[in-house]
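Visitor: Got a structure for you, questions after.
Numbering (this note's numbering), first residue to last: 5 to 263.
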């Protein structure tokens, strides 16, 4: 397969292991943790051209390029990361990671719990916050030898991480790029998120968070949660395009086609 000229092409994720204990804001401690990471472009000699990509709620480390020759789907932000694109890999060294708790290779609920016979953490995985994520990102920065980021970039929940970087490590970034985000959620957004959570919790296949041990998957709950989420993600104009009445054609859709 030939990839587009403005693609970063084939990429290989890297796993970074941190053996030191991670003290979380909730008061609990992870004895060790791992971060799954992808990089694009080349780090210059003085390490001044590095950009950190912070993913949103359902994102992960695979932000650009392809994992194999037959891969039909590029990374989730491939339209923005690559040669000549908004985040130009001809100029910048780009780092994207999967946050802890993200279950895409980094330590999270699907990881073995050393305190429970290495069974998956499941619901026993500790609560993590935006500040915890940024703390681990700073540890990754140290591992990469990057003392100052040219920019920390994120959208939605990723934007909250970029903002937290500017608060916790103001001397370690030159630019903070926040897209479609805010310093905190509104009460209405928190309410929508609770509906999404309850849709997953009430799925019989969730098994109180032990679904991996039951060889099941709360697919129905996740689908409903995603539907609720899309209501909060879309602008008023986008909502009109998807759900607005079409009186002239007389068409009426009974589905909930949000994708």
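Beta carbons are placed, not taken as given, at the ideal position from N, Cα and C, and that holds for glycine.
Please read all numbers here as calculations on a predicted model, not as lab measurements.
Cα separation between residue 182 and residue 63?
Guide: Distance between the alpha carbons of residue 182 and residue 63: 16 Å.
Visitor: Distance, Cα to Cα, residue 222 vs residue 209?
Guide: Distance between the alpha carbons of residue 222 and residue 209: 5 Å.
Visitor: Could you tell me which residues DSSP pairs with residue 102 in its beta bridges?
Guide: 40, per the DSSP bridge assignment.
Visitor: Reducing DSSP to helix, strand and coil, say where residue 20 ends up.
Guide: In the structure shown, residue 20 sits in a strand (DSSP, three-state: E or B).
Visitor: Is residue 20 near residue 147, with beta carbons less than 7 Å apart?
Guide: Going by C-beta atoms, residue 20 is nearer than 7 Å to residue 147.
Visitor: Excluding the five sequence neighbours on either side, which residues of its own chain have a C-beta within less than 8 Å of the C-beta of residue 216, listed in chain order?
Guide: Result list for residue 216: 114, 124, 126, in chain order.
Visitor: In terms of residues, what are the limits of the beta strand (DSSP E) holding residue 183?
Guide: Residue 183 -> beta strand (DSSP E) spans 180-183.
Visitor: Are the CB atoms of residue 56 and residue 99 nearer to each other than 7 Å?
Guide: Yes. Within cutoff.
Visitor: Going by other Cβ atoms of all chains shown within 10 Å of its Cβ, with 16 needed for buried, is residue 1 buried or exposed?
Guide: The chain is shown from 5 up to 263; residue 1 falls before or after that span and cannot be answered.
Visitor: With H, G and I counted as helix, E and B as strand and the rest as coil, what does DSSP make of residue 123?
Guide: Reduced to three states, the DSSP call for residue 123 is strand.
Visitor: Mapping DSSP to helix, strand and coil, what is residue 130?
Guide: Looking at residue 130 - three-state DSSP - the assignment turns out to be coil, as it is neither helix nor strand.
Visitor: Mind checking who residue 58 pairs with in its DSSP beta bridge?
Guide: Per DSSP, 158.
Visitor: In this structure, does DSSP put residue 167 in helix, strand or coil?
Guide: Correct three-state label for residue 167: helix.
Visitor: Which value, in whole angstroms, describes the spacing of the CA atoms of residue 142 and residue 176?
Guide: Rounded to the nearest angstrom, the two C-alpha atoms are 9 Å apart.
Visitor: Do residue 154 and residue 192 have their beta-carbon atoms positioned less than 7 Å apart in this structure?
Guide: In this structure, residue 154 does not lie closer than 7 Å to residue 192 by Cβ.
Visitor: Just how far apart, CA to CA, sit residue 136 and residue 203?
Guide: Answer to the nearest angstrom: the Cα atoms are 26 Å apart.
Visitor: Could you tell me the distance, in whole angstroms, from the CA atom of residue 241 to the CA atom of residue 31?
Guide: Spanning the two alpha carbons is a distance of roughly 43 Å.
Visitor: Which residues in the same chain have their Cβ closer than 8 Å to the Cβ of residue 167, if we skip the five residues on either side of it in sequence?
Guide: Only 180, 182, 185, 187 meet the Cβ criterion.
Visitor: Considering Cα atoms alone, identify which of 226, 45, 58, 117 is closest to residue 69.
Guide: Comparing Cα-Cα distances from residue 69 to each of 226, 45, 58, 117, the minimum goes to 45.
Visitor: For residue 113, which residues does DSSP report across the bridge?
Guide: Partner(s): none; residue 113 has no beta bridge.
Visitor: Taking residue 236 as part of the alpha helix (DSSP H), name the residues at either end of that continuous run.
Guide: From DSSP, the alpha helix (DSSP H) with residue 236 extends over 223-237.
Visitor: Nearest to residue 76 by CA position, among 232, 6, 26, 248, is which residue?
Guide: Closest option to residue 76, Cα to Cα, is 6.
Visitor: What does the alpha-carbon distance come out to for the pair residue 111 and residue 118?
Guide: Spanning the two alpha carbons is a distance of roughly 12 Å.
Visitor: What are the partner residues of residue 85, as DSSP defines its beta bridges?
Guide: In DSSP, residue 85 forms a bridge with 91.
Visitor: Indicate the three-state DSSP secondary structure (helix, strand or coil) for residue 210 in the structure shown.
Guide: Helix at residue 210.
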